[in-house]
Amino acid sequence: MKINFKVFIKSEDRYVSPLGFVIIDDNIIRLYYKIENGMFNGFPYKMDDIIIEQLEVVE
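Okay, so the sequence shown: first residue is 1 according to UniProt numbering, each after it adds one.
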């Protein structure tokens with residue numbers, strides 16, 4: 001199963017396409033991106049700074 005989505009970051013006024021995200025608690029979400037050597041890095045944002053759009057499940 002694959003989930004397609006894009007994320008709008010209000011404070012940066014831009015859309016991003018992370019590989020995934022993890023909700024840490026009620027206020028923090030961490031967006032994950034693939035970086036060099038196949039490793040992943042997560043960047044934290046406040047929940048009220050993020051809008052997750054076009055959530056779609058592809059089977």
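Cβ coordinates follow ideal geometry from the N, Cα and C atoms, glycine included.
What you are looking at is a predicted structure, and each value in this text was computed from that prediction instead of being measured.
Around the beta carbon of residue 19, a 10 Å sphere encloses fewer than 16 other beta carbons of the protein chains shown; the residue is thus reported as exposed. The C-alpha of residue 39 lies about 10 Å from the C-alpha of residue 32. Between residue 28 and residue 44, the CB-CB gap stays under 8 Å. In its chain, beyond the 5 residues on either side, 15, 16, 17, 18, 21, 31, 50, 51, 52 and 53 have a beta carbon closer than 8 Å to the beta carbon of residue 7.
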